[in-house]
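Under our numbering, the residues of the sequence shown are numbered 119 to 229, in order.
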Amino acid sequence: MRIVTLTPGDAALIDALVPLSLAGNREHSPMWLTTADEAREEINEALLPHKVCRILFGDDGAPLAWVGAAPFWGCVRERHPMIIERVSGRGLDLISRRTLSALPPLPVRSP
């Protein structure tokens, strides 16, 4: 098992996440991400500069899960989306403090 950070230039990895995204949502959110284009758009949104996107790979090198996260408020992070291959049961590995600590700091707002 290994976790990597997805970057916008990783076209092959983005393509590999599309079928995982479609399958991962079919059971719980059948009206969300119904096409490959919608899945690719969601993945690309998770790659915006203020976000971080992590992928969990199995021992065979296939992606098992991915998560996008963004700063929300203070030290609170929003995790969206979180796509997990049902049989892996490894989604918690992606939402650890280590995974989300790579988010850029929130901008300081002036009063």
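Yeah, the Cβ is synthetic: ideal placement off N, Cα and C, and Gly gets one too. These figures come from a predicted structure and were not determined experimentally.
Endpoints, the beta strand (DSSP E) within which residue i is located
i	result
Leu151	Unbroken run through Leu151: none, as it is neither H nor E.
Leu174	Val170 to Phe175
Any C-beta of chain D under 8 Å from that of residue i
i	result
Asn162	Annotation note: the requested chain D is absent from the structure, which comprises a single protein chain.
Closest residue to residue i among the options (Cα-Cα distance)
i	options	result
Arg158	Ala141, Asp133 and Phe175	Asp133
Arg120	Met200, Ala188 and Leu182	Leu182
Val122	Thr153, Asp155 and Arg172	Arg172
Ala130	Thr153, Gly179 and Pro148	Gly179
Ile201	Met149, Pro189 and Leu174	Leu174
Beta-carbon separation (whole angstroms), residue i vs residue j, contact threshold 8 Å
i	j	result
Leu135	Trp184	6 Å
Lys169	Gly142	Incorrect: roughly 19 Å between the Cβ atoms, too far for contact.
Glu160	Leu151	6 Å
Residue i: first and last residue of the uninterrupted alpha helix (DSSP H) it sits in
i	result
Gly142	Ala129 to Arg144
DSSP bridge partner residues for residue i (one or two, in chain order)
i	result
Ile121	Leu174
Pro181	Phe175
Ile161	In DSSP, Ile161 forms no bridge with anything.
| Does the count of Cβ pairs from the stretch 120-128 and the stretch 154-166 closer than 8 Å reach three? | yes
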